[in-house]
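Encoded as structure tokens, the structure appears first; notes follow it.
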Amino acid sequence: MNMSLLRVIRRLQSSFVAPQRPTLISTDAEKPNVEGREDANLFSFEYIPPQVQPEWHRNKLKYRLERMDCLRRRQAIDIPEFYPGSILAVTVADNYAPGKSMRFAGRCLYKDGFGLGCKFVLRNVIDNEGVEKMYHLFAPYIQKVELLRLEKWIDTDLRFLRDAADQSICEIDPNMQAESPLPKTEELPVYKGKIRLREIAMWEFLYHKQWPRPYNAYLEEHFIEEELIEREKIHWQTQSHLKYDICKHYDVTKIKAEIMDEMKDNRHRVDVADKKITADA
Amino acid sequence: MEILLRNFCLFSSASVHPRSLRLQRFAFSTTQCSWLPDRMRYDNQTFYDNVQIGYKRGHSNIRNRDRDIKKLQTRALQKLTRVRIVDNSPTALQPVIRSARIIEIYTKTKRHVGGVGDLCLITKNGAMKRAFIVGQRQSMGILKARMDSNNVIILDKDGNPEGTRITVPIPAWLRGYDPKKKHPISMSKLVAIASSFV
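The listed protein sequences correspond, in order, to chains A and B.
1 is the number of the first residue of the first sequence in this note's numbering; add one for each residue after it.
1 is the number of the first residue of the second sequence in this note's numbering; add one for each residue after it.
This is the structure:
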């Protein structure tokens, strides 16, 4: 009796079929880019046209053509996304250099301009001498742009680093290894540290009197309390209304949406235009 | 009228801290050319997302770009500017009584203003020497390095550098630079002395 039961059980066991492993469909590939960091072919800081008033002075065709030229350049070379505060290295073609190219690494102080006129400045401290170099982003003599470290600071104009007490912020080893940046699906953490400045004399550029005041600089170190109180009073009388001044606001949200729509078609437009040029020639 | 004004002055001075009088007397200096890219105007965007604040240059045409680069005020050294001697010549190594200054600049400009690549006359401790400008605090434009101090190398009457080594980086565009001046300058020897180019 026991043996027959065992045989039945064994037979049932051999007819056991394992269930199929469920296939998991991951949606990581479909995660969109974070709002501030879009694909460069769709949107970038330098595609925003300058604030021109009145409205009929804006020539949208001109802006569109300039953006198409930027697209053409981006197809030829890989220009990474970077913000003022990040560390870059640029190789440039130079006739008189050994190997016909010059490499310069530095921290980006600011990025300014529209379209092909977009310029950025790199600062490095070599042999105790601060050196700054300005480049056009879309220049044809630029052979390579490498991102060594991606940082985003609250301020977009970091020229106060020239007057920093500790100059090791801008001391960058030219043989520095590139650190892999965060993927574009994640938000970049913004650097909120305050940098101490050296004691600035009366006749030099006074950062604490400018509006808007820099966030990433610690300006109160070399002042006495009465000067700070007086400065507060003057600021309240002369400059506190400026951030509510609508004429100085350049709202860019609608323009950004328009530019993203336009750039989707620009790829096709560029191909058509290039075909025409090669056909005519 | 006078009494009223005097009373008004008394009222205003009573609330003002004596130290701030010194602050008020200084006029705020901005460069006259507000369309220069490296202007003194501070250009920060910190308040709201997608809103740019502050003065932005209006009409930026494609034509403007070349015109702005040409019009950049690149030369900034004039008489009595303090200067840093950058090689290891005997004048550089002497102790300083009063900082080295420029006396003459040998250029054809009306205002006698010089930049990198120009010859000048320098005094140090009462002695006059001919010098070649090698670094500048004013920005020279695209691809030309801007140093944090006005640097200078001392030359002989024949145009040969007096020192044997330059510690500080030198702009790389001087390698292909032909100074067409009356006084002779030997660029090849300068380039041979330099330690690093930027």
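We treat Cβ as the ideally placed atom computed from N, Cα and C, and that holds for glycine.
I'd like the list of long-range same chain contacts for residue i, defined as Cβ closer than 8 angstroms, with 5 residues on each side in sequence excluded.
| i | result |
| --- | --- |
| residue 69 of chain A | 115, 116, 138 |
| residue 260 of chain A | 38, 42, 43 |
| residue 170 of chain A | 106, 107, 123, 124, 125, 130, 161, 164 |
Within its chain, find whatever has a CB closer than 6 angstroms to the CB of residue i; leave out the 5 residues flanking it on each side and keep chain order.
| i | result |
| --- | --- |
| residue 112 of chain B | 105 |
| residue 198 of chain A | 163, 165 |
| residue 179 of chain A | 149 |
| residue 26 of chain B | Its pLDDT being 33, under 50, residue 26 of chain B is placed unreliably by the model, and nothing is read from it. |
| residue 203 of chain A | none |
| residue 240 of chain B | With chain B covering only 1 through 198, there is no way to say anything about residue 240 of chain B. |
| residue 272 of chain A | none |
Are the CB atoms of residue i and residue j nearer to each other than 8 angstroms?
| i | j | result |
| --- | --- | --- |
| residue 191 of chain A | residue 85 of chain A | yes |
| residue 92 of chain B | residue 159 of chain B | no |
| residue 122 of chain B | residue 96 of chain B | no |
| residue 139 of chain B | residue 134 of chain A | yes |
| residue 161 of chain A | residue 213 of chain A | no |
| residue 87 of chain B | residue 165 of chain B | yes |
| residue 34 of chain A | residue 187 of chain A | yes |
| residue 108 of chain A | residue 88 of chain A | yes |
| residue 83 of chain B | residue 171 of chain B | no |
| residue 147 of chain B | residue 129 of chain A | yes |
| residue 121 of chain A | residue 110 of chain A | yes |
| residue 77 of chain B | residue 102 of chain B | yes |
| residue 82 of chain A | residue 147 of chain A | yes |
| residue 145 of chain A | residue 90 of chain A | yes |
| residue 270 of chain A | residue 72 of chain A | yes |
| residue 279 of chain A | residue 174 of chain A | no |
| residue 219 of chain A | residue 208 of chain A | yes |
| residue 225 of chain A | residue 196 of chain A | no |
| residue 67 of chain A | residue 266 of chain A | yes |
| residue 191 of chain B | residue 145 of chain B | no |
| residue 262 of chain A | residue 64 of chain A | yes |
| residue 31 of chain A | residue 156 of chain A | no |
| residue 40 of chain A | residue 79 of chain A | yes |
Could one say the Cβ of residue i lies closer than 8 angstroms to chain A's Cβ atoms, at least one of them?
| i | result |
| --- | --- |
| residue 184 of chain B | no |
| residue 77 of chain B | no |
| residue 36 of chain B | With a pLDDT of 39 at residue 36 of chain B, under the threshold of 50, the modelled position of this residue cannot be trusted; read the value that follows with caution. Not one chain A Cβ lies under 8 angstroms of residue 36 of chain B. |
| residue 163 of chain B | no |
| residue 87 of chain B | no |
| residue 139 of chain B | yes |
| residue 59 of chain B | Confidence in residue 59 of chain B is poor, its pLDDT being 46 and thus under 50, which makes the residue's placement too unreliable to answer from. |
| residue 178 of chain B | no |
| residue 145 of chain B | yes |
| residue 142 of chain B | yes |
| residue 172 of chain B | yes |
| residue 90 of chain B | no |
| residue 95 of chain B | no |
| residue 175 of chain B | yes |
| residue 83 of chain B | no |
| residue 27 of chain B | With a pLDDT of 34 at residue 27 of chain B, under the threshold of 50, the modelled position of this residue cannot be trusted; read the value that follows with caution. Output row for residue 27 of chain B: interface = no. |
| residue 109 of chain B | no |
| residue 152 of chain B | no |
| residue 221 of chain B | As shown, chain B starts at 1 and ends at 198. That puts residue 221 of chain B outside it, with no answer to give. |
| residue 134 of chain B | no |
| residue 99 of chain B | no |
| residue 80 of chain B | no |
| residue 148 of chain B | yes |
| residue 167 of chain B | yes |
| residue 198 of chain B | yes |
With 8 angstroms as the threshold, decide whether the Cβ of residue i is near any Cβ in chain B.
| i | result |
| --- | --- |
| residue 63 of chain A | no |
| residue 130 of chain A | yes |
| residue 104 of chain A | yes |
| residue 176 of chain A | no |
| residue 95 of chain A | yes |
| residue 162 of chain A | yes |
| residue 135 of chain A | yes |
| residue 77 of chain A | no |
| residue 92 of chain A | yes |
| residue 127 of chain A | yes |
So if DSSP puts residue i in a beta bridge, which residue, or which two residues, is it bridged to?
| i | result |
| --- | --- |
| residue 133 of chain A | A:122 |
| residue 88 of chain A | A:106, A:147 |
| residue 190 of chain A | A:152 |
| residue 119 of chain B | B:132 |
| residue 112 of chain A | A:119 |
| residue 101 of chain A | A:93 |
| residue 87 of chain B | B:166 |
Got a sec? Which residues, its chain only, sit under 7 angstroms from residue i by beta carbon, not counting five neighbours each side?
| i | result |
| --- | --- |
| residue 211 of chain A | 239, 242 |
| residue 134 of chain B | 86, 116, 151, 152, 153, 170 |
| residue 74 of chain B | 115, 138, 140, 141 |
| residue 181 of chain B | 106, 119 |
| residue 172 of chain A | 87, 105, 106, 107, 124 |
For this session: Could I get the ranges of all uninterrupted beta strand (DSSP E) runs contained in the region 128-187 of chain B, with 3 residues as the minimum, in chain order?
Result: Listed in chain order, they are 151-155.
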